[in-house]
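Under my numbering, the first residue of the sequence shown carries the number 1292, and numbering increases by one thereafter.
Beneath this line is the structure, given in structure tokens, with notes to follow.
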Amino acid sequence: MRPLLIERPIVVRTYDIDFANIVHNIVYFRWLEDLRSEILADVLPIDEILATGVSPILTESAIEYKWPVRIGDALLGRMWVAELSRTRWTLAAEMIVGDRVCAAARQSGYFANLKSLRPVRVPDKLREAWKAAGGR
């Protein structure tokens, strides 16, 4: 099950590649940021969260590079909320070309009060959307 799954096409730009015409590793982190923003935009826009004095904070990111992505590849980014607890969340992602998973990633973090940076409860809107999408 992949609660809150989103899929977005990703265009590989000339500035994303290295001298071997392969997407540079650091670019995947930018793509993950874009996908994470898209998940929130669908459920709880970042400006709405920030207005409450709360923000998602990343504490861990891991990417497994399985196959090189090159300029011209029809790349699809896929992300979902894999786990959700009282204060923390874990996102899972894949970068896919055709039927091939080129990279798999996991990111973990928590929601924090922006003044104290102390953990707070996951916003209700996100929790309810996750449960409605089959999250447990």
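Glycine included, every Cβ here is placed at the ideal spot set by N, Cα and C.
Close Cβ partners of residue i (< 7 Å) along its chain, the five nearest in sequence each way excluded
i: Trp1421; result: Pro1294, Leu1295, Val1372, Leu1375
Range of the contiguous alpha helix (DSSP H) that encloses residue i
i: Tyr1306; result: No alpha helix (DSSP H) holds Tyr1306; DSSP gives it neither H nor E.
Boundaries of the beta strand (DSSP E) in which residue i is found, first to last residue
i: Ala1424; result: Where Ala1424 is concerned, there is no enclosing beta strand (DSSP E), given that its DSSP letter is neither H nor E.
i: Leu1349; result: 1345 to 1356
i: Gly1400; result: 1391 to 1404
Whether residue i touches residue j by CB criterion (9 Å)
i: Trp1322; j: Gly1368; result: yes
i: Ile1330; j: Met1370; result: yes
i: Leu1366; j: Pro1414; result: no
i: Tyr1435; j: Ile1348; result: With the chain running from 1292 to 1427 in the structure shown, residue 1435 is simply not present.
For residue i, three-class secondary structure by DSSP
i: Ala1365; result: coil
i: Val1334; result: helix
i: Arg1377; result: coil
i: Arg1293; result: coil
Same chain, Cβ closer than 6 Å to residue i, five either side skipped, listed in chain order
i: Ala1395; result: Glu1355, Glu1385
Neighbourhood of residue i by C-beta, 8 Å cutoff - its chain only, sequence neighbours within 5 removed
i: Ile1313; result: Pro1359, Val1360, Arg1361
DSSP bridge partner residues for residue i (one or two, in chain order)
i: Phe1320; result: Phe1320 is not bridged to any residue.
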